[in-house]
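>
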Amino acid sequence: MNQIAKEYDEAQQLTAISLRRYLDTTDQLTHLSLPELQSLADEIARIVPAGNVPTMISIGLANLRERVVPVQETRRNLALLMQGMQTFVDKVKYSAIFGGPAAILAAYHMLLRLTGKDPIKSFPEGTWQFYVEFGLREDTAWHACETVGFHQALQREGAQLEPADELAAWIMAAAWLLQHYSELLACEWTERVQLRVLGEALGEPRLVDQWLKIRPYSAPSDEDIFIAYRRQQLEQFCAQALERARRDQRRAYERAWQDRRAVAERQAALQAYINQMDIRAALTPSEYNDTRTPIPPNQLHIGVIVRKRYYLIPLRNAAEHARAIAAELLALRPSLPVATLDRALRTARRREQPALRRALPESARQALEQLRTAPILINWDMANADDRLTDIRSGQRGIGDHALTIFRTARSNVFDLSHIFFDAANGMATAEILTGQAARFVRLLAAQRLSQTPAQGTAYLALNLEAPSTLTPAKLKKIQCSPEVSAENRTVRLELIQDVRRSLLKRSDKLRLTVNDLLLLYRTVFNPLYKPDRAILDAIIALSQQRDKAVQAAVQLVTKTLDSLRQSNPALLIPIDATAISPHERIFPTTFRNPMPNIYEKHRQTYQAFRMLEQGALGVKASEAQAMRLEYLGMLQKFGEVLLAYKDVTMRGESLSTSTIRLLGGLPPAVQRLLDSLPSHFDMLNDTIKGQEVFSNVGQVAATSSLRRFNTAKDDNEKKMLAWGIMTDATGVLHLSLRDFRPHVAALIGIGERDLAQAMAQDYLDKFAQGFNAFMEELLYIARARGR
370 MNQIAKEYDE AQQLTAISLR RYLDTTDQLT HLSLPELQSL ADEIARIVPA GNVPTMISIG
430 LANLRERVVP VQETRRNLAL LMQGMQTFVD KVKYSAIFGG PAAILAAYHM LLRLTGKDPI
490 KSFPEGTWQF YVEFGLREDT AWHACETVGF HQALQREGAQ LEPADELAAW IMAAAWLLQH
550 YSELLACEWT ERVQLRVLGE ALGEPRLVDQ WLKIRPYSAP SDEDIFIAYR RQQLEQFCAQ
610 ALERARRDQR RAYERAWQDR RAVAERQAAL QAYINQMDIR AALTPSEYND TRTPIPPNQL
670 HIGVIVRKRY YLIPLRNAAE HARAIAAELL ALRPSLPVAT LDRALRTARR REQPALRRAL
730 PESARQALEQ LRTAPILINW DMANADDRLT DIRSGQRGIG DHALTIFRTA RSNVFDLSHI
790 FFDAANGMAT AEILTGQAAR FVRLLAAQRL SQTPAQGTAY LALNLEAPST LTPAKLKKIQ
850 CSPEVSAENR TVRLELIQDV RRSLLKRSDK LRLTVNDLLL LYRTVFNPLY KPDRAILDAI
910 IALSQQRDKA VQAAVQLVTK TLDSLRQSNP ALLIPIDATA ISPHERIFPT TFRNPMPNIY
970 EKHRQTYQAF RMLEQGALGV KASEAQAMRL EYLGMLQKFG EVLLAYKDVT MRGESLSTST
1030 IRLLGGLPPA VQRLLDSLPS HFDMLNDTIK GQEVFSNVGQ VAATSSLRRF NTAKDDNEKK
1090 MLAWGIMTDA TGVLHLSLRD FRPHVAALIG IGERDLAQAM AQDYLDKFAQ GFNAFMEELL
1150 YIARARGR
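In the numbering used here, the protein residues as written are 370 to 1157.
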């Protein structure tokens, strides 16, 4: 046993002993038996070996009379657990295996159960909201998307615009969003809840999915009020569903929707949801979490970045004076220095922010406080449309305390979104709505149908965000987030995937594999198949011949990364939209690892058998090939059923009984043991602790959407190495993105070899797309092949 393992084992035992002694000296706090409580204590000690801190928290929880723990008490307890674990992590260098904030939340859930508290009601905003504030707050936890609708509208209209008009339109769109965000949230919440109630009454569980395909992102006329139009469309959609229903179903819906108690509960839940998701707030960083601090309405601003300098426009002036302010900003000859403090703070870890900011000069601190009053930043410095999303978002983008930054390119607009305020689905919807509003305002400006007046007095505030000389690169390097590179690809053939799905269904109506199922399947088998490009191998060999220690260390990490792929069956963290179940829950994550790692071998054997049969090779019998196909397609069916079982557990949050698991009989014994190990109740936090990669597929956007690209976020856990983002646009193009955080990336960047790290990520993603297309072609051949 090495020293780290020994110290971990000792800390785990001390934590367990402390908890067990406490349990032995207290009255019964919960319905759990003493052996169950002791087992729970052991599990807590395993996850957070933090000495007597868990026991101290247990005593405090037990002293609370109510079963529901107040939110502030929960925040305090989580911070205590983080503090206790940080001491241990620093002492024994346990960070390589510590699950981070997810582990803390998992342990806290167990402490609530240990002391008889209600884990569900003690997280009134859902566990995911707590998790993002503790574990998705770094710069790497922002996600991005791109729309082209604004530029398409300009081309359609053929309008002759002044340069200031485009900026004015986006200022007005941002102002509109801030003024109407509560109403938008109310629309979002009502749509999910009402359609869930209606679907349950009518026996139509897919009503939400049907609505999302036709939900409007803009009004048909510039004179129409978008929110009113959206509500009207929902009413029509519900009315059409009710027309199809039986009388008893309609009555069941009316009783459920109009019940007085249910109406009162919905009103309270709606207001709580608006408070939870409101972007009109600033994030206040502390050592262990970020806290949302509401911005008073009379202090709200919109931030505009022009020539790498920041300007704040009061919300009250934004709409009426947008054109005049935009023209003045674009014509301005700035006397202030270029902003550099923002970049220094943005890439520094959030836990370091309080100390960093306290050490700044008073003038800089005041400027940062002013910047915090702008939930939306508009970076008007032109970015390269051909750049990757991660490169575009690397421009000036605030200090990480706000909700959203908008970038522009010659062909599109890119939206950089904080995961604390936005998950992928609602972030992309917000981007599309903003795009529609900006297009509306630019048309109205071009037609001179908007009243615009010159600003009186001070229309905007210029901020001096020059970094002080004391903030040296050497000092910042020690506290920065792990660097990343990224890659994008759009060569996956969606129509080929659909051909495969149709052909599989002809073989068996049980072979209902989704596009995401097939992508997931190939992801789990891809690593051993990957062969780096020759140019990459040559570059690695050239580096290996250098004697510099840092270079040699980087080469070793690169080699280790490539070697690790040979045996890899990665655990994939899959975020699933939970808003159809309960909007405040936001996301249910689940972790998936392929329980049939030999499935690709069976695929190749089956494919080769039919190829040899087609070529008339000796020794190949049609009956044998058909038997191989039957076995392989059976494995594909079971693979899809396992994924469906995971999703069912995730989405219901209910017990998955042994009898349901046994419906998947016929799987290999190893797979049955894996399914037996599934918890009887879904524990989202334990799943979040696992997972080496994020695999986020937002599906195909609505037919009216102008979204073109998307990349996902990575949580603050250093164990997450890759983040896959997948989106299919309205034209049927499937876009892949990959953010690469593997250890070799930082090492290569450190020796000036970012281009090589970038090339490795791009080659990896390109080979995945090429291999997936080949895999689909082979699967299509297998599905359609005829034995002689």
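Just so it is clear, CB atoms sit at the ideal spot from N, CA and C, and this is done for glycine as well.
1. Using DSSP bridges, identify the partner residues of Asn1086.
2. Suppose only complete runs of 3+ residues qualify. What are the beta strand (DSSP E) ranges in the segment 890 to 970, listed by chain order?
3. Taking the alpha helix (DSSP H) that Val783 falls in, what are its first and last residues?
4. Can you round the beta-carbon distance between Arg998 and Thr975 to whole angstroms, since I take them to be within the 8 Å contact cut?
5. Could you check the C-alpha separation between Pro1038 and Pro964 for me, to the nearest Å?
6. Residues in its own chain within less than 6 Å of Ala688 by CB, not counting five upstream and five downstream?
7. Tell me whether Ser855 sits in a helix, a strand or coil according to DSSP, three-state version.
8. Over what stretch of residues does the alpha helix (DSSP H) that includes Ile583 continue unbroken?
9. Under DSSP, the alpha helix (DSSP H) around Val437 begins and ends at which residues?
10. Nearest by alpha-carbon distance to Glu801: which of Gln722, Thr662, Pro532 and His520 is it?
11. Using a C-beta cutoff of 8 Å, does Ala1152 count as contacting chain D?
12. Are the beta-carbon atoms belonging to Thr1081 and Ala1092 less than 8 Å from one another?
13. Rounded C-beta distance between Leu1103 and Ala856? I'm assuming under 8 Å.
14. Here's the rule: buried if 16 or more other CB atoms are within 10 angstroms of the residue's CB, otherwise exposed. What is Arg892?
15. For a test of the three-state rule: what should DSSP assign to Phe790, helix, strand or coil?
16. Quick one: is Asp785 buried, meaning 16 or more other Cβ sit within 10 Å of its Cβ, or exposed?
17. Identify every residue that forms a DSSP beta bridge with Val1102.
18. Give the secondary structure of Arg678 by DSSP, where H, G and I count as helix, E and B as strand, and everything else as coil.
19. So what's Gly572 in DSSP terms, helix, strand or just coil?
20. Where does the unbroken alpha helix (DSSP H) through Leu830 begin, and where does it stop?
21. Between Lys879, Gly504 and Thr774, which has its C-alpha nearest Glu656's C-alpha?
22. Please classify Pro730: is it buried, with 16 or more other beta-carbons within 10 angstroms of its beta-carbon, or exposed?
23. With respect to the alpha helix (DSSP H) encompassing Phe606, which residues constitute its N-terminal and C-terminal limits?
24. Rounding to the nearest angstrom, what Cα-Cα distance links Gly672 and Ile682 in this structure?
25. Would you kindly work out how many angstroms separate the C-alpha atoms of Arg678 and Gln735, rounded to a whole number?
26. Give me the residue from Thr653, Leu639, Ala923 and Leu699 with the minimum Cα distance to Ala1126.
27. Among all the DSSP beta bridges, which residues are the ones paired with Leu1076?
28. Taking the alpha-carbon of Phe744 as reference, which of Gly769, Asn644 and Asp711 has the nearest alpha-carbon?
29. For Gly767 versus Cys514, is the C-beta spacing smaller than 8 Å?
30. Hey, is the segment 1138 to 1150 in contact with the segment 1115 to 1125, meaning 3+ C-beta pairs nearer than 8 Å?
31. Taking only the alpha-carbon atoms, compute the straight-line gap between Pro952 and Phe790 and give it to the nearest angstrom.
32. By alpha-carbon positions, which one of Ile1151, Leu481, Gly495 and Ala1128 ends up nearest to Ala410?
33. Where does Asn795 fall in DSSP's three states?
34. What did DSSP end up calling Gly767 once you bin it into helix, strand or coil?
35. How would you write the range of the alpha helix (DSSP H) that Asp411 sits in, first residue to last?
36. Can you tell me which of the three DSSP states Asn1066 falls into?
Once the coordinates are examined:
1. Per DSSP, none; premise fails for Asn1086.
2. 941 to 946 and 956 to 961
3. No alpha helix (DSSP H) holds Val783; the beta strand (DSSP E) holding it covers Asn782 to Ser787.
4. 5 Å
5. Note that Pro1038 scores a pLDDT of 38, beneath 50, so its modelled location is shaky and nothing firm can be said.
6. Met541 and Ala544
7. strand
8. Leu576 to Ile583
9. From DSSP, Val437 is part of no alpha helix (DSSP H); its letter is neither H nor E.
10. His520
11. This model lacks chain D altogether, as it is built from one protein chain only.
12. yes
13. Not quite, the Cβ-Cβ distance comes to about 15 Å (not below 8 Å), so this is no contact.
14. buried
15. coil
16. buried
17. Its beta-bridge partners do not exist; DSSP assigns none.
18. strand
19. coil
20. Leu830 -> not in any alpha helix (DSSP H); beta strand (DSSP E) instead, spanning Leu830 to Leu832.
21. Gly504
22. exposed
23. Phe595 to Arg613
24. 6 Å
25. 16 Å
26. Ala923
27. Thr516
28. The amino acid at residue 744 is misidentified as Phe; the sequence shows Pro. Checked all of Gly769, Asn644 and Asp711; the closest Cα to Pro744 is Gly769.
29. no
30. no
31. 13 Å
32. Leu481
33. helix
34. coil
35. Leu403 to Ile416
36. strand
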